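Per this note's numbering, the very first residue in the sequence shown carries number 4; after that it's consecutive. Here the structure comes first, spelled out in structure tokens, and everything after it is commentary.
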Amino acid sequence: MSVEDPRRGIPGTDRLLALPAVRRARNRLSETVIRAIIAGAQEAARDGVLHVDEVEDTVEREIKTRTPLSLRPVLNATGVIVHTNLGRAPLSASARAALQTATGYVDVEMDLGTGRRSPRGVAARAALLEACPAAEDALIVNNGAAALLLAVTALCVNRADGPLAAPGEILVSRGELIEIGAGFRLPELMASTGARLREVGTTNRTHLDDYARGVTESTGCILKVHPSNFRVQGFTSDVDIATLRGLADEHHLPLIVDLGSGLLQPDPLLPDEPDIDSALRAGADAVIASGDKLLGGPQAGLLLGRCEVIEALARHPLARAVRSDKLTLAAIEATLRGGTTPVHAALHADPERLRSRTERLAARLGAQVVSHDGRVGGGGAPGVPLPGWAVELPEELAAALRRGDPAIVARVHGGRCLIDLRCVPEREDERLVALVQEALVQEAPAREARRHTRDPANQDG
Ligand SMILES: *Cc1c(COP(=O)(O)O)cnc(C)c1O
């Protein structure tokens with residue numbers, strides 16, 4: 004009698020596909036995902052890693068626990084409000100609800116009164132104009148970089164009504180040619196349009212005179228950029244928007260101001276952070292801002308300013324390539340017209356409330372409270388500390404916290420793991436305690452082992 008190869012008993016694909024749990028998963032998972040799970044279990048059995056009798060159970064278990072999305076929710080315990088690696092701004096409850104609505108068919112380009120086509124995203128545009136009375140018109144595109152690309156192309160390379168004789172020049176200060184993050188350099192982006200940069204002044208000082216001497220026949224626009232994530236201190240000077248307005252008028256040039264962070268009005272907490280309203284009142288023809296920085300909304304590029312300029316951008320063919328989708332438009336409108344954003348709440352967190360929450364957490368964990376500064380992040384208000392507190396835990400705990408569900412991302416600094424509650428919604432405090440306690444238990448054996456190797460009594464010689 005020959006010994007039968009146990010691998011011959013591996014359940015076939017058709018049989019596994021017919022399992023009740025697998026059939027039920029069809030409205031939750033794609034055919035590709037389901038088949039990959041099945042193939043994985045069969046392969047494990049062929050390799051002898053999995054017993055043939057366990058294949059069905061394994062497939063059922065994996066199918067039940069698998070979700071179609073691999074992005075994981077995070078509790079941001081870093082104290083950095085607009086955290087680029089964590090998706091910048093968490094949305095307000097109103098914006099989240101709006102996203103849910105916008106997932107279906109919606110009247111994004113239809114007037115339901117007449118049944119006719121209407122311009123796209125009129126409501127989001129109207130909400131933006133209500134929030135910024137100084138703006139005559141507004142345009143929403145995919146992100147801040149796209150807004151800059153569109154402005155530079157439409158003003159300096161080819162207008163909506165046809166190409167310019169030759170690409171024009173962007174007049175810009177050397178002190179404002181910045182790299183934002185992940186290697187994204189504004190000057191390279193602008194040069195990619197074919198426009199030429201006319202750099203004036205020096206890294207630390209630029210005067211009106213520098214701009215004035217830089218104006219030529221081929222100047223297409225004057226651009227002022229908020230340097231966002233760095234500060235030049237000491238012997239410095241730059242030219243403000245109102246002064247540049249004078250020069251722009253003298254030469255009939257558009258003045259574009261890239262603000263980056265998207266504050267609607269001045270915020271006393273961030274005195275050096277420019278806002279859209281003030282920039283427009285000072286004389287900018289168009290300002291550019293990101294929807295997901297200090298505005299606290301979804302990723303978007305906001306262009307606000309004078310009708311003539313905004314309309315020219317909206318008419319340009321490139322505008323279609325960078326337009327925002329219905330989800331973004333819905334979330335922008337609801338961010339502007341709905342309740343407080345988490346970004347605003349974190350920025351204006353009551354220090355006493357933060358302190359008592361932190362003390363309560365520390366007491367539950369038997370840990371220390373230390374003072375800890377939060378940050379705006381996302382290139383906003385560099386060097387401006389947001390005084391607060393953190394619970395101090397051993398550095399090694401950070402990895403276990405990241406494995407939690409939701410993951411907790413703490414600040415690892417100076418050999419410690421710091422939990423800052425500024426960006427953690429208060430309703431999550433209980434869950435956070437439980438997650439940290441779980442991580443402490445998980446990490447306990449490793450901590451014990453390390454203590455032994457560090458203990459001189461356990462070391463040879
Ligand atoms: C962040 C930023 C941008 C890019 O905006 P995104 O929305 O990230 O594309 C452009 N300019 C400035 C000054 C910025 O701070």
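Cβ coordinates follow ideal geometry from the N, Cα and C atoms, glycine included. Computed from a predicted structure; not experimentally measured.
Listed in chain order, the alpha helix (DSSP H) elements of length 4 or more contained wholly in the segment 350-379 are 354-368. Ranked by Cα distance from residue 230, the first of 180, 244, 250 and 242 is 180. Of the residues 81, 141 and 21, the one whose Cα lies closest to the Cα of residue 308 is 141. Between the alpha carbons of residue 94 and residue 25 lies a gap of roughly 35 angstroms. Inter-residue distance for residue 251 and residue 210 is about 15 angstroms (C-alpha atoms, whole angstroms). Ligand 1 approaches residue 148 closely enough that one of its heavy atoms is under 7 angstroms from the residue's Cβ.
Short note on residue 263: C-beta closer than 7 angstroms to some heavy atom of ligand 1. Annotation for residue 16: the continuous alpha helix (DSSP H) segment containing it runs 16-20. Counting the other Cβ atoms within 10 Å of the Cβ of residue 145 gives 16 or more, which makes it buried.
Counting along the chain, no alpha helix (DSSP H) covers residue 411; the unbroken beta strand (DSSP E) around it starts and ends at 410-416. For residue 424, the closest alpha carbon among the candidates 411, 417, 418 and 298 is that of 411. With contacts defined by Cβ atoms closer than 8 angstroms, residue 427 and residue 435 form a contacting pair. Excluding the 5 residues flanking it on each side, residue 233 has same chain C-beta neighbours closer than 8 angstroms at 181 and 385, in chain order. The three-state reading of DSSP puts residue 397 in strand, counting E and B together. Judged by DSSP secondary structure, residue 140 falls within the beta strand (DSSP E) whose first and last residues are 140-144. In the DSSP secondary-structure assignment, residue 187 is bridged to 184. If the five residues before and after residue 137 are omitted, its C-beta is found closer than 7 angstroms to the C-beta atoms of 280, 283 and 284, all from its own chain and listed in chain order. Here residue 289 carries a strand assignment [DSSP, helix/strand/coil]. Three or more beta-carbon pairs separated by less than 8 angstroms are not found between the segment 356-366 and the segment 59-76, which leaves the two stretches without contact. The beta-bridge partner set that DSSP reports for residue 86 consists of 91. Using a 10 angstroms sphere on the CB of residue 264, the tally of other CB atoms reaches 16 or more, which defines it as buried.
Burial of residue 204 is indicated by the presence of at least 16 other C-beta atoms within 10 angstroms of its C-beta. Residue 216 and residue 174 have their C-alpha atoms some 10 angstroms from each other. Beta-bridge partners assigned by DSSP to residue 172: 199 and 222. Rounded to the nearest angstrom, the Cβ distance from residue 306 to residue 291 is 6 angstroms, consistent with a contact under 8 angstroms. By the CB criterion at 8 angstroms, residue 378 and residue 178 fall outside the cutoff. By DSSP's assignment, residue 420 forms a beta bridge with 396 and 415. Taking 8 angstroms as the cut-off, the beta carbon of residue 334 is found closer than this to the beta carbon of residue 102.
The three-state secondary structure of residue 259, taken from DSSP, is strand.
In the structure shown, residue 427 adopts coil according to DSSP, grouped into three states. Annotation: residue 59 to residue 35 spans about 18 angstroms, alpha carbon to alpha carbon.
Per DSSP, the beta bridge partners of residue 77 are 410. Between residue 443 and residue 419, the gap from beta carbon to beta carbon reaches 8 angstroms or more. Residue range 34-49 is occupied by the alpha helix (DSSP H) that includes residue 43. Going by C-alpha positions, residue 408 is about 37 angstroms away from residue 12.
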